[in-house]
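Asker: One point on numbering: in our numbering, the residue at position 177 of the sequence shown is 220, and numbering is uninterrupted. Cβ coordinates follow ideal geometry from the N, Cα and C atoms, glycine included. Let me give you the structure first, and then I'll get to my questions.
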Amino acid sequence: MRTTRRHLLSVLSAATAALGLNGRASAATKTPSAAEGPFYPRPSMRHADTDNDLVRLAGGATQAGGEVVYLQGRVFNAAGAPQPGLRIEIWQCDVNGRYSHPGDRQRNLRDTGFQGFGHHITDASGRYRFRTIKPVPYPGRTPHIHVKVLRGESLLLTTQFYLKDHPANDRDPLYRRLTPQQASALSMDFDEGGTVSEARVNLIV
Ligand SMILES: [Fe+2]
44 MRTTRRHLLS VLSAATAALG LNGRASAATK TPSAAEGPFY PRPSMRHADT
94 DNDLVRLAGG ATQAGGEVVY LQGRVFNAAG APQPGLRIEI WQCDVNGRYS
144 HPGDRQRNLR DTGFQGFGHH ITDASGRYRF RTIKPVPYPG RTPHIHVKVL
194 RGESLLLTTQ FYLKDHPAND RDPLYRRLTP QQASALSMDF DEGGTVSEAR
244 VNLIV
């Protein structure tokens, strides 16, 4: 019931965005972009498994540490039309704050059960879905998930998602540059009501 209501609200908010704040049909504001950061995993660094479940590696014996969550949403264009067939990529640090990337020189141990990078292809209604862990902070950054959206080889968006109302957001050098509207568009508001927390973030590309 609760999830259904949240889903309805997220659809309504996407529809409202497509109409524009003044209620007239106008091009919706595109989801703000953000820096790629230094830890986007190059193809040679990725596990063979790059599916949309980052919590379990194919053939792996252990599940990733951390709080398992679902992250999902829909992708629209500025006119409000759902965008099927787009490649959504996410990457993030593990529960210990380590990226699956040789450039991450932190000393803490890497969680070898965490996939670190995954992708999904939007369905006919523009929907994507991931199972991953709730992001954790690492030195200098508030918790975040990196996101890319591609159409074929063409990059449409690089951005970062944040935890709504996390106390470290206001000290984060990238988050602080966002307007309240931009921060809202990039915020994951996890519904803690179910057995697995879930957040919906719709994108406009
Ligand atoms: Fe990062």
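Let me check you understand the geometry: is the CB of Gly169 closer than 8 Å to at least one non-hydrogen atom of ligand 1?
Answerer: no
Asker: For Val112, which residues from the same chain have a beta carbon less than 8 Å from its beta carbon, with the 5 sequence-adjacent residues on both sides left out?
Answerer: Arg174, Thr175, Ile176, Lys177, Phe233, Val239, Ser240, Glu241, Ala242
Asker: Assuming the contact rule is C-beta atoms closer than 8 Å, Leu152 and Val192 should be a hit. Round their C-beta distance to whole Å, please.
Answerer: The pair is not a contact, with the Cβ atoms about 32 Å apart (cut-off 8 Å).
Asker: So which of Gln224, Tyr83, Arg117 has the shortest CA-CA distance to His163?
Answerer: Arg117
Asker: Looking only at its chain, what residues have a beta carbon closer than 7 Å to the beta carbon of Arg219, apart from the 5 residues adjacent to it on each side?
Answerer: So the list reads Asp213, once near-sequence residues are dropped.
Asker: What beta strand (DSSP E) runs, 3 residues minimum, are completely inside the stretch 96-124?
Answerer: Counting whole runs of 3 or more residues, the stretch 96-124 contains the beta strand (DSSP E) stretches 111-119.
Asker: Taking 9 Å as the threshold (C-beta atoms), are Ala78 and Thr201 in contact?
Answerer: yes
Asker: Ordered along the chain, which non-local residues of its own chain (more than five positions away) have a Cβ less than 8 Å from that of Asp166?
Answerer: Pro127
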